[in-house]
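Enquirer:
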Amino acid sequence: AVCLFYTDKWGLSALSTERYDYVAREVTGFCLDVGCGQHNRFITEFLGGNGRGVDVFPYEGLSQTQVVEDLTTFPFEDGTFDTITFIANLNHVPRSKRDAELAEAHRCLRPGGTLIVTMGNPAAEILAHAAVRLYDRLFGTAHDVDAVRGMEEEEELYLKDSEILQRLKRAGFTAIRKKYFL
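Note that the numbering used here has the sequence shown beginning at 691, numbered continuously upward.
1) Between I854 and the rest of its own chain, which residues show a CB-CB distance below 8 Å, the 5 nearest in sequence each way excluded?
2) Do A790 and G862 have their beta-carbon atoms positioned less than 8 Å apart in this structure?
3) For L737, which option in H796, R857, R715 has the closest C-alpha, if you only look at C-alpha atoms?
4) According to the neighbour-count rule (16 or more other Cβ atoms, all chains shown, within 10 Å of its Cβ), is A821 buried or exposed?
5) Leaving aside the five residues before and after L849 along the sequence, list all residues of the same chain whose C-beta is less than 8 Å from its C-beta, in chain order.
6) How would you call N811, buried or exposed, if buried means at least 16 neighbouring beta carbons within 10 angstroms?
7) Can you name, in chain order, every residue of its own chain whose Cβ lies under 7 Å from the Cβ of T762, other than the five neighbours on each side?
8) From A813 to F871, what does the alpha carbon distance come to, in whole angstroms?
9) Where do the ends of the alpha helix (DSSP H) carrying I777 lie?
10) Tell me, to the nearest whole angstrom, how far the beta carbon of G751 is from that of D772; I am working on the premise that it is less than 8 Å.
11) Just tell me which of L817, K868, C798, E843 has its CA closest to the CA of D723.
12) When DSSP labels each residue in this structure, what does P801 get in the three-state scheme?
13) Please state the DSSP three-state secondary structure of V807.
14) Kindly indicate the opening and closing residues of the beta strand (DSSP E) around R742.
15) My guess is that D745 and Q756 are in contact by the Cβ rule of under 8 Å, so how many angstroms apart are they, rounded?
16) Tell me the DSSP secondary structure of V783 in three-state form.
17) On the CB-based measure, 16 or more other CB atoms within 10 Å of its CB, does F829 come out buried or exposed?
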């Protein structure tokens with residue numbers, strides 16, 4: 691996970707690849723990837739197309755049906771998905787909408803389904819964001835997708851585990867497990 695960008699380079703795995711590999715091993719059945727980002731990469735490359743990706747930002751490689759105006763109202767029936775993922779992005783949901791978005795995930799998840807929320811270590815997240823921003827400034831690139839779309843006032847670079855756990859409980863999730871991956 692030494693490469694902070696979105697592609698593997700120099701024989702090293704990108705941080706996103708490490709996260710996607712880990713999460714893909716935890717996914718069962720049909721998956722919804724909330725905040726899918728550019729090209730809906732997790733669903734297309736790591737789950738072989740077995741799911742849907744949605745985002746509020748029209749990133750490169752997303753279709754019009756993948757871009758939704760408001761993720762506090764998902765365009766899916768109750769219990770549609772076996773697994774729903776928030777891969778290192780719950781912190782980018784505006785603070786005032788996080789509970790509503792997680793409640794929507796709960797609604798769209800089949801009974802007994804799995805919700806997966808990943809969040810990096812706070813220090814690592816701050817350093818990674820700073821390193822990518824610096825790289826973009828020095829080399830005139832646009833690897834920092836947060837800078838490309840702009841960060842809203844209620845977004846954060848990371849969330850503490852305690853906040854995530856509290857919000858999951860408020861959304862109706864009950865069998866909550868916390869796992870670390872390396």
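Just so it is clear, CB atoms sit at the ideal spot from N, CA and C, and this is done for glycine as well.
These numbers come from a predicted model, not from an experiment.
Expert: Taking the definition as stated:
1) When the five nearest sequence neighbours on each side are left out, the beta carbons in the same chain lying within less than 8 Å of the beta carbon of I854 are those of L780, V807, M809, in order along the chain.
2) Annotated as distal: G862 and A790, with beta-carbon spacing of 8 Å or more.
3) Taking the Cα of L737 as reference, the smallest distance to any Cα among H796, R857, R715 is reached at R715.
4) Exposed, since its Cβ has fewer than 16 Cβ neighbours within 10 Å.
5) Only residues of its own chain outside the window of five on either side were considered, and among them L780, N781, M809 have a CB closer than 8 Å to the CB of L849, listed in chain order.
6) With fewer than 16 other Cβ atoms within 10 Å, it is exposed.
7) Counting only Cβ-Cβ distances below 7 Å, and skipping sequence neighbours, we find K787, A790, E791, E794.
8) A813 and F871 have their C-alpha atoms some 16 Å from each other.
9) It is not in any alpha helix (DSSP H) - I777 instead sits in the beta strand (DSSP E) that spans 771-777.
10) With a Cβ gap of about 24 Å, G751 and D772 do not count as contacting.
11) The shortest C-alpha separation from D723 is found at C798.
12) Assignment of P801 by DSSP, reduced to helix, strand and coil, places it in the strand class.
13) Assignment of V807 by DSSP, reduced to helix, strand and coil, places it in the strand class.
14) Per DSSP, the continuous beta strand (DSSP E) segment holding R742 begins and ends at 741-744.
15) Between Q756 and D745 the Cβ distance is about 6 Å, and since that is below 8 Å, they are a contact.
16) Coil, per DSSP.
17) When all chains shown are included, F829 counts as exposed.
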